[in-house]
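Undergrad: Dropping the structure in here first, questions after.
Next comes the structure, spelled out in structure tokens:
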């Protein structure tokens, strides 16, 4: 093995051995930062894509049967609560459970007025009922609760990204939706047609800051990507830009330059037809 500064084997001298361990400690201390700073799309010769913002992740405390938010103390994942529920519909059963456990889940109150039904999915193990959180009639960004009820009408799992104790100073946008969307397209240098194009208001809450924002989402071929932009509804500031079509992530300061243009290529591959798990009605 060679060291970084010459051809002499590492460990051949005490100084080299000390230098090796110092370098190893430095890499261990700063490795996460170095990986996070790697340009998006740098592998394979793609042009780098700069993103703005941070990923919304908060610390949790894990117990045998649950995970709770380290900040609010609310349950974010509840494994097999095994609670019997009654009701004429799956939604009624899920609401009964949530109302009875609103304190542990950090919900606003037993009436659950800020939770709207998003979807009901039936499977071999039971039914999953998913709710979305709203504030002043506006959906809260990434705030949902899913309740799984087995075929014996017992709750077996709860997953929650509910945001407790939300307060919003601005309930109506200062900027209009059309102008914010157009500015975002200019920012991306994106050109039509888009396979998906949606702009809507959302309440963004993270790390003690709650703000009204526009969520702009487009599937573009130039620059290639599944783009999401969050823009402050009062100032127009872009505080988060994400390409969900990529697998490597980089974040830069708001003062950084945005670069787009991931290259697109045609290719062939093989897939299961039919999918053996789905066609075999396997539970997974």
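Residue numbers (the working numbering): 1296 to 1579.
Ideal placement from N, C-alpha and C gives every residue a C-beta, glycine not left out.
Model, not experiment: these values are computed from the prediction.
Rounding to the nearest angstrom, what Cα-Cα distance links residue 1561 and residue 1570 in this structure?
TA: Position 266 of the chain shown, counted from the start, is the residue given in the question as residue 1561. Position 275 of the chain shown, counted from the start, is the residue given in the question as residue 1570. Looking at the two C-alpha atoms, the distance is approximately 23 Å.
Undergrad: Taking the C-alpha atoms as reference points, what is the distance between residue 1507 and residue 1437?
TA: Here residue 1507 corresponds to residue number 212 of the chain shown, with the count starting at 1. Here residue 1437 corresponds to residue number 142 of the chain shown, with the count starting at 1. Near 14 Å, if we compare the C-alpha coordinates of residue 1437 and residue 1507.
Undergrad: Looking at residue 1451 and residue 1377, is the spacing between their C-beta atoms short of 8 Å?
TA: Within the chain shown, residue 1377 is the residue found at index 82, counting from 1. Within the chain shown, residue 1451 is the residue found at index 156, counting from 1. Yes, they are a contact pair.
Undergrad: Just to confirm the assignment: which complete beta strand (DSSP E) runs, minimum length 3, are found wholly within the stretch 1406-1450?
TA: 1410-1418, 1421-1430 and 1433-1445
Undergrad: Do the CB positions of residue 1427 and residue 1439 come within less than 8 Å of each other?
TA: For the purposes of this step, residue 1427 is identified with residue 132 of the chain shown, where counting begins at 1. For the purposes of this step, residue 1439 is identified with residue 144 of the chain shown, where counting begins at 1. Cβ atoms of residue 1427 and residue 1439: closer than 8 Å.
Undergrad: At what residue ranges does the stretch 1471-1524 contain a whole run of the alpha helix (DSSP H), taking only runs of 4 or more?
TA: 1472-1483
Undergrad: Can you give me the Cβ contacts of residue 1414 inside the same chain, cut-off strictly under 7 Å, excluding the 5 residues immediately before and after it?
TA: Locating residue 1414 in the chain shown gives position 119, counting from the first residue. Closer than 7 Å at Cβ, skipping near neighbours: 1425.
Undergrad: Drop a sphere of 10 angstroms on the beta-carbon of residue 1392, count the other beta-carbons inside from all chains shown, and report buried for 16 or more, exposed for fewer.
TA: Residue numbering aside, residue 1392 sits at position 97 when the chain shown is read from its first letter. Residue 1392 should be labelled buried.
Undergrad: Less than 6 Å between C-beta atoms, sequence neighbours within five positions excluded: which residues of the same chain meet that for residue 1502?
TA: Working through the chain shown from its first residue, we reach residue 1502 at position 207. The same chain holds no residue with a CB closer than 6 Å to that of residue 1502 once the five nearest residues on each side in sequence are set aside.
Undergrad: Report yes or no: do the stretch 1352-1367 and the stretch 1482-1494 share at least 3 C-beta pairs separated by less than 8 Å?
TA: no
Undergrad: Tell me whether residue 1362 sits in a helix, a strand or coil according to DSSP, three-state version.
TA: Numbered from 1 along the chain shown, position 67 holds the residue referred to as residue 1362. In this structure, residue 1362 counts as strand in the three-state DSSP scheme.
Undergrad: Rounded to whole angstroms, what's the CA-CA distance from residue 1575 to residue 1454? Just pull it up for me.
TA: For the purposes of this step, residue 1575 is taken as residue 280 along the chain shown, with counting starting at 1. For the purposes of this step, residue 1454 is taken as residue 159 along the chain shown, with counting starting at 1. Spanning the two alpha carbons is a distance of roughly 27 Å.
Undergrad: Apart from the five residues just before and just after residue 1396, which ones in its own chain have a Cβ nearer than 6 Å to its Cβ?
TA: Counting from one through the chain shown, the residue named residue 1396 turns up at place 101. Taken in chain order, the list of residues that qualify is empty.
Undergrad: Using the Cα positions of residue 1497 and residue 1449, report the straight-line distance between them to the nearest angstrom.
TA: To locate residue 1497, count along the chain shown from 1; it is residue 202. To locate residue 1449, count along the chain shown from 1; it is residue 154. Each residue's alpha carbon lies about 33 Å from the other.
Undergrad: How would you call residue 1581, buried or exposed, if buried means at least 16 neighbouring beta carbons within 10 angstroms?
TA: The structure shown does not extend to residue 1581, since the chain is modelled only from 1296 through 1579, so no value can be given for it.
Undergrad: So, residue 1401 versus residue 1369, is the Cβ gap smaller than 8 Å?
TA: In the chain shown, the residue the question calls residue 1401 occupies position 106. In the chain shown, the residue the question calls residue 1369 occupies position 74. For residue 1401 and residue 1369, yes; Cβs fall inside 8 Å.
Undergrad: Tell me, please, whether the stretch 1525-1533 touches the stretch 1473-1481 by the rule of three or more beta-carbon pairs shorter than 8 Å.
TA: yes
Undergrad: In three-state DSSP terms, what is residue 1534?
TA: In the chain shown, residue 1534 corresponds to position 239, counting from 1. Strand.
Undergrad: Whose CA, out of 1529, 1441, 1540 and 1364, lies closest to the CA of residue 1518?
TA: Working through the chain shown from its first residue, we reach residue 1518 at position 223. Answer by Cα proximity: 1540.
Undergrad: When you compare only the Cα positions, how much space is there between residue 1470 and residue 1510?
TA: As a working mapping, residue 1470 is identified with position 175 in the chain shown. As a working mapping, residue 1510 is identified with position 215 in the chain shown. Their Cα atoms are separated by approximately 13 Å.
Undergrad: For residue 1526, does the three-state DSSP call read helix, strand or coil?
TA: For this step, residue 1526 is matched to residue 231 along the chain shown. Strand.
Undergrad: Can you list, in chain order, the residues of its chain whose CB lies under 6 Å from that of residue 1382, leaving out five sequence neighbours each side?
TA: As a working note, residue 1382 is residue 87 in the chain shown. Hits under 6 Å: 1388 and 1391.
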